[in-house]
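Asks: Anchor point for the sequence shown: position 37 equals 37 in the working numbering, and the numbering is continuous, going up by one each time.
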Amino acid sequence: MFREIDPLNTSRAEAFALWMKAPMPMVTLFKTLRVERLRKLSRRKELKFNMLLCYCIGRAASQVEEFFLLPVGERLLQYDALAVNTIVANKKGGVSSCDVPFSKSESVAQFNADYLRLTRQVAQTCENHDLGECMVIGTSALVASDIDGAVGMYSGIFNNPFLIWGRYRHQWFRTTLRISFQFHHTQMDGAHAARFLELLQQEIDGLKVD
């Protein structure tokens, strides 16, 4: 669920005044993550690498209160729940969008069950699965390509935070993944975004799968 809130009663009051009507209010940060733990768990437990990363993204975002805010039109909305979006190749040869609900209390197994069920559904029906009641974190995994970074498109319609990554790089005992994180400046500042990326690395390093 979500509700409209008065920006003046939040810590984002000044940012709302400065950036809501800016022609380009989006900011993008780049970070190289160490992901050898995800690679190892993916292989040992036969789990999708991208699913594990999406789970860690949800875990990290749930610890930053700004992720529960989203500027929409000229309003500031506050959400009670998060979801992580993934792009799915559908049976028609195109792509569809799939929102996977996230709860900090759920295990990897629970998130994985939802991830597999919903992405299969979307792939077969070629219909997007949208969770309008959640604050959705967008992702795009370009795993067929070795890229150094990407800057997302700003449409002026969707202000949701968005992460993009390509193929991970493995050398000896080190596996790295270069990731970009785009966010609306009204929603958060660079310091909040940088903290999220640090938390993301911590969640990856500490991930446990039963």
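Yeah, the Cβ is synthetic: ideal placement off N, Cα and C, and Gly gets one too.
Please state the DSSP three-state secondary structure of Met51.
Replies: Note: Met51 maps to helix in three-state DSSP.
Asks: Tell me where the beta strand (DSSP E) around Gln110 begins and ends.
Replies: Unbroken run through Gln110 is the alpha helix (DSSP H), 108-125; no beta strand (DSSP E).
Asks: Quick check on Phe173: buried or exposed, where buried means 16 or more other Cβ atoms within 10 Å of its Cβ?
Replies: Phe173 should be labelled exposed.
Asks: Helix, strand or coil: which one does DSSP assign to Ala144?
Replies: Here Ala144 sits in coil by DSSP.
Asks: Drop a sphere of 10 angstroms on the beta-carbon of Gln171, count the other beta-carbons inside from all chains shown, and report buried for 16 or more, exposed for fewer.
Replies: So Gln171 counts as exposed.
Asks: Note down the Cα distance separating Gln182 from Asn85, rounded to an integer number of angstroms.
Replies: Approximately 14 Å between the Cα atoms of the pair.
Asks: So does the region 101-119 actually touch the region 65-75, counting three or more Cβ pairs closer than 8 Å?
Replies: In short, these stretches do not touch, since the Cβ pair count stays below three.
Asks: What span of residues does the beta strand (DSSP E) with Ile204 cover, start to end?
Replies: Per DSSP, Ile204 belongs to no beta strand (DSSP E); it is in the alpha helix (DSSP H), 190-206.
Asks: For Leu69, tell me which candidate among Tyr168, Ile137, Arg59 has the shortest Cα-Cα distance.
Replies: If we check each option's Cα against that of Leu69, Ile137 comes out closest.
Asks: Does the region 148-155 come into contact with the region 114-131, if we say contact requires no fewer than three beta-carbon pairs (one atom in each stretch) closer than 8 Å?
Replies: Contact fails: fewer than three Cβ-Cβ distances are below 8 Å.
Asks: DSSP on Leu163, reduced to helix/strand/coil?
Replies: Strand at Leu163.
Asks: Taking Ala89 as the reference, which of Arg12, Cys98, Ala83 has the closest Cα?
Replies: Closest by alpha carbon: Cys98.
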